[in-house]
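> Let me begin by handing over the structure; questions about it come next.
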Amino acid sequence: MARSLDIGGDFPLLARRINGQPLTYLDSAATTQKPQAVIDAIRDYYERYNANVHRAAHVLADEATAALEDARAKVAALIGAGEARQIIFTRGTTEGINLAAACLTDRFGPGDEVLITEMEHHSNIVPWQLLCQRSGAALMACRVTPTGEIDLEDFHAKLGRHTKLVAVGHVSNALGTLNPVADLIDAANRQGALTLIDGAQAVQHVDVDVARLGCDFYAFSAHKLFGPTGIGALYGRADLLESLPPYQGGGEMIEHVSIERTTYNKLPYKFEAGTPNIAGAIGFGAAVDYLGGLPREALRDREAALVSEAIRHLKQVPGVRMVGEPSERVSVVSFLIDTGHPHDFGTLLDQQGIAVRTGHHCAMPLMERLGIPGTIRASFALYNSATDVERLVAGVEKALEFL
Amino acid sequence: MDLDELREAFAFFDGWEDKYRFVIDLGKDLPQLDDAHKTAANLVRGCQSQVWLLTELRGGRMRFAIDSDAQIVRGLIAIILTVFQDRTPDEIRAFDIEGLFAELELIKHLTPTRGNGLRSMVARIHQEAKRGAA
């Protein structure tokens, strides 16, 4: 039998009441809630087979190792990575990008350029600034149009023979813009530039196939995908990963250590120093399983319809101004209300049990380009319903009585 | 308005709506800071809203001029000034501001997770009071 689209019941937290009201959770771009299946998987690991991985000669360690590697295979399959060893477990998207930037630094020098966009989350800006400071390379940022899309003309003008790497977000966390990453990767590949895609906001909402995209790196987090915090994945092209120096030194990443020299372990362990986040990885795998068991296409259609409904209703509220009107968007509705500060509206919505995010959303260069201090951001996930849209719109109307 | 009047007002509120209307009204009455004073040096950064703070010690008492870009934060500033304005540094240091916010059920605005700059502002006022007392 086909699964109902009513999946909210899978997420125990969504039953909570906040400030005496039912919860309408519209901050999934910050982090998603967790289904019971993920919570149970983590609990089961700690209750039944907690052990360190890859070394001990006992049953528990075998089971834990198998579960960790099983999770890696699931994550690889989710994004179309050819081999599980191309998936490096990280703390999240931010660490994935930092890992790539740190390990690539030696390949850059004066005259080289890294091309990003003004739309990037700080996590896809600052690691490249660090790379540039250490290597003497220059950071270039492609302009964003007033509707909140990448200015493609500017992108192609800035992409040149000096460009050694292009790093772009798949989906904007602040505006929800779905960027044409396949085209951008194509253009970068033709220039011989490496590519990294920040997929933090994308994987829950769109199908990702890294092999088809042809990117060199793809970074994302479990916690924006119904999984736990503190775990994420960096996909990398295998031969590129092989050729990079290690990220951090320690246990797990070595093959042999003497005081004079160390030989490194094979992929992916070369990049995973120290005991990994085993429970996190197992929860990540459970989240991928959960996602796999959902009628994803129907849920995504429903989510897109909810986003359109929210936009349509909010636009009719006097004083509301949408921020960013990209032609392709997922999950995120960003807006301003001319009678008050985003923070005021955020507080008044919170009082009504409606969780949104207000502020610059860790995208200060984008806010500067758009000439605004921040926005009110409602972000949807597959578990949201029409009731959430109704409560958001009614909540905004109610807040307007105050401001 | 003094502290007793503030407590009295809060005692009459039926729900969150009355309370936030009152806080917003307090914010409307708070004098605005000239743009000239909204400098980087006077800025107390918050992730979601910003606060500008000027302090002065005159005749043993502290004077504050504080502003924010958010209305509710301006109202909360007005509450803080009810107990801090024109007090001696020792009085300011001795006053339990978190206790007052807990009593008024506004404490969530002073917790470290709120990116509204209010907590940093109180910390900076305490710093200034400590310097003034020394």
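Residue numbers (the numbering used here), protein chains in the order written: chain X, 10 to 412; chain R, -2 to 131.
Glycine included, each C-beta is placed from N, C-alpha and C at the ideal position.
At what residues does the beta strand (DSSP E) containing Tyr54 (chain X) begin and finish?
That residue, Tyr54 (chain X), is in no beta strand (DSSP E); its alpha helix (DSSP H) goes 45 to 57.
> Roughly how far, in whole angstroms, is the beta-carbon of Glu337 (chain X) from the beta-carbon of Leu184 (chain X), given that I think they are within contact range, below 8 Å?
No, Glu337 (chain X) and Leu184 (chain X) are not in contact; Cβ-Cβ is about 11 Å, not under 8 Å.
> What residue does the beta strand (DSSP E) around Ser144 (chain X) start on, and which one ends it?
Segment 135 to 144 is the alpha helix (DSSP H) holding Ser144 (chain X); no beta strand (DSSP E) there.
> Classify Leu243 (chain X) as helix, strand or coil using the three-state DSSP reduction.
Leu243 (chain X) falls in the strand class under three-state DSSP.
> Please specify which runs of the beta strand (DSSP E), each continuous and at least 3 residues long, are wholly inside the segment 244 to 299 of chain X, giving them in chain order.
Considered as a whole, the segment 244 to 299 of chain X harbours 263 to 266, 271 to 273 as its complete beta strand (DSSP E) runs of no fewer than 3 residues, in chain order.
> For Ile103 (chain X), go through chain R and note every residue whose CB falls closer than 9 Å to its CB, in chain order.
Correcting the residue type first, residue 103 (chain X) is Thr in the shown sequence and not Ile. Going along chain R, no residue has its Cβ under 9 Å from Thr103 (chain X), so there is no contact; the nearest lies around 16 Å.
> So Glu312 (chain X) packs on Ser340 (chain X), CB below 8 Å; how close in whole Å?
Taking a contact as a CB-CB distance under 8 Å, the pair Glu312 (chain X) and Ser340 (chain X) counts as one, their CB atoms being some 7 Å apart.
> Can you list the residues of chain X that Arg18 (chain R) reaches, using a CB-CB cut of under 8 Å?
Neighbours of Arg18 (chain R) on chain X, chain order: Phe411.
> Can you name the residues that DSSP bridges to Cys151 (chain X)?
X:Thr126
> Out of X:Leu300, X:Leu249, X:Pro374, X:Val135, which one is the CA nearest neighbour of Lys275 (chain X)?
X:Leu249
> Which bits of chain R does Thr367 (chain X) rub up against, with CB to CB less than 7 Å?
Gln45
> Report yes or no: do three or more beta-carbon pairs, one from the segment 380 to 397 of chain X and one from the segment 307 to 327 of chain X, lie closer than 8 Å?
yes
> Can you name, in chain order, every residue of its own chain whose Cβ lies under 7 Å from the Cβ of Pro21 (chain X), other than the five neighbours on each side?
Gln45
> In whole angstroms, what separates the C-alpha of Phe9 (chain R) from that of Glu406 (chain X)?
One C-alpha to the other measures close to 25 Å.
> Is it true that the CB of Lys233 (chain X) sits closer than 9 Å to the CB of Thr103 (chain X)?
Going by C-beta atoms, Thr103 (chain X) is not nearer than 9 Å to Lys233 (chain X).
> In chain X, which residues lie with their C-beta within 7 Å of the C-beta of Asn113 (chain R)?
His352
> Got a sec: which bits of the segment 376 to 391 of chain X sit with their beta carbon under 9 Å from any beta carbon on chain R, in order along the chain?
Pro382, Gly383
> Using the rule of at least 16 other Cβ atoms within 10 Å of the residue's Cβ for burial, across every protein chain shown, is Gln142 (chain X) buried or exposed?
Classification for Gln142 (chain X): exposed.
> Are the beta-carbon atoms of Val123 (chain X) and Leu174 (chain X) separated by less than 9 Å?
yes
> Between the segment 225 to 240 of chain X and the segment 200 to 212 of chain X, do three or more beta carbon pairs fall short of 8 Å?
At 8 Å Cβ cutoff, the stretches touch.
> Where do the ends of the beta strand (DSSP E) carrying Ser230 (chain X) lie?
That run of the beta strand (DSSP E) goes 226 to 230.
> Which residue marks the beginning of the alpha helix (DSSP H) containing Leu409 (chain X), and which one marks its end?
395 to 409
> In chain R, what lies closer than 7 Å to Thr356 (chain X) by C-beta?
Ile69
> Tell me which same chain residues have a C-beta within less than 6 Å of the C-beta of Phe7 (chain R), skipping the five on either side of it?
Leu101
> Which stretch, first to last residue, makes up the beta strand (DSSP E) that contains Phe344 (chain X)?
341 to 346
> Chain R beta carbons: is any one of them nearer than 9 Å to that of Gly349 (chain X)?
Chain R, which has a Cβ nearer than 9 Å to the Cβ of Gly349 (chain X), makes this yes.
> CB Gly169 (chain X) to CB Met128 (chain X), shorter than 9 Å?
no
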